[in-house]
Amino acid sequence: MNTVLCPQCGVENSDPEGTRSSDAFCVACDYPLFFARGVVARGSTDTDLARERLPGVAGVARRAWIPCPDCGELNPRDATNCLRCGAILAVPEPEPVQAPQGNVIIREVLVHGDVRRRWPWFILGLFVGSALTVATAFIAGGIG
Numbered sequence: 001m002n003t004v005l006c007p008q009c010g011v012e013n014s015d016p017e018g019t020r021s022s023d024a025f026c027v028a029c030d031y032p033l034f035f036a037r038g039v040v041a042r043g044s045t046d047t048d049l050a051r052e053r054l055p056g057v058a059g060v061a062r063r064a065w066i067p068c069p070d071c072g073e074l075n076p077r078d079a080t081n082c083l084r085c086g087a088i089l090a091v092p093e094p095e096p097v098q099a100p101q102g103n104v105i106i107r108e109v110l111v112h113g114d115v116r117r118r119w120p121w122f123i124l125g126l127f128v129g130s131a132l133t134v135a136t137a138f139i140a141g142g143i144g
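Dropping the structure here:
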């Protein structure tokens, strides 16, 4: 014998056939019970295997899982064996890569002359080159 909980008033109604028909109504409020769901036994949510509903996500999904390398079953992150085939899920962590140790080569760089003395000559060369370009343009008749 199945029981159906009325969604409107909460009274338990009996459904002897186990099928909802169009003539099944609540005995207290006359609500049509063919729209109502049967009593669903809910699991405990206090275990580590409980799934959680995330805001903005339709349905219930597990957030932390790893696939089995043999069968592809999704398992909890803290599981050591696959829930379906029993394969070992613990993947050995790779050894840390050590930086290669090489020889350090120090080369001496010799600077000939003082670099600070070259700047005035460089700027003077720019001014002379600019003046020659402008003078050539005047003589050729390009400017003016």
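All the letters of the sequence shown, read from the start, carry residue numbers 1 to 144 under the UniProt record's numbering.
All C-beta atoms in this analysis are idealised placements derived from N, C-alpha and C, irrespective of residue type, glycine included.
This one's a predicted model, so the numbers in the text were calculated from it and none came from an experiment.
Worksheet item: So who's on the other strand from Asn-13, going by DSSP bridges?
Response: Locating residue 13 in the sequence shown gives position 13, counting from the first residue. Partner(s): Val-4.
Worksheet item: Identify the residues that DSSP records as bridge partners of Leu-74: which are they?
Response: Here residue 74 corresponds to residue number 74 of the sequence shown, with the count starting at 1. DSSP output for Leu-74 lists Pro-67 as bridge partner(s).
Worksheet item: How many Å lie between Ile-88 and Asn-81 at the Cα?
Response: Numbered from its first residue, the sequence shown carries residue 88 at position 88. Numbered from its first residue, the sequence shown carries residue 81 at position 81. Cα to Cα, the separation comes out at about 5 Å.
Worksheet item: If we count the other Cβ atoms within 10 Å of its Cβ and call it buried at 16 or more, is Asp-46 buried or exposed?
Response: Locating residue 46 in the sequence shown gives position 46, counting from the first residue. Since pLDDT at Asp-46 reaches only 49, below the 50 mark, its modelled position is unreliable, and no value is offered.
Worksheet item: Identify the residues that DSSP records as bridge partners of Pro-32: which are they?
Response: By one-based count along the sequence shown, residue 32 stands at place 32. Phe-25.
Item to complete: Measure the C-alpha to C-alpha separation of Leu-5 and Glu-93 and round it to an integer number of angstroms.
Response: Here the question's residue 5 lines up with position 5 in the sequence shown. Here the question's residue 93 lines up with position 93 in the sequence shown. C-alpha separation (whole angstroms): 52 Å.
Worksheet item: Smallest Cα separation from Thr-3: which of Cys-9, Ser-14, Glu-73?
Response: As a first step, residue 3 must be located in the sequence shown, where it is residue number 3. When only C-alpha atoms are compared, the closest one is Ser-14.
Fill in: Own chain partners of Asn-75 with C-beta closer than 7 Å, once the 5 adjacent residues on each side are dropped
For the purposes of this step, residue 75 is taken as the residue at position 75 of the sequence shown. Correct list, in chain order: Trp-65, Ile-66, Cys-68, Cys-82, Leu-83, Leu-89.
Worksheet entry | Straight-line Cα distance separating Val-104 from Gly-125 | Start at 1 with the first residue of the sequence shown, and residue 125 comes out as number 125. Start at 1 with the first residue of the sequence shown, and residue 104 comes out as number 104. Taking the straight line from one Cα to the other gives about 41 Å.
Discussion item. Using the Cβ count rule (16 or more neighbours within 10 Å means buried), how would you classify Leu-132?
Written reply: Working through the sequence shown from its first residue, we reach residue 132 at position 132. Per the 10 Å Cβ criterion, exposed.
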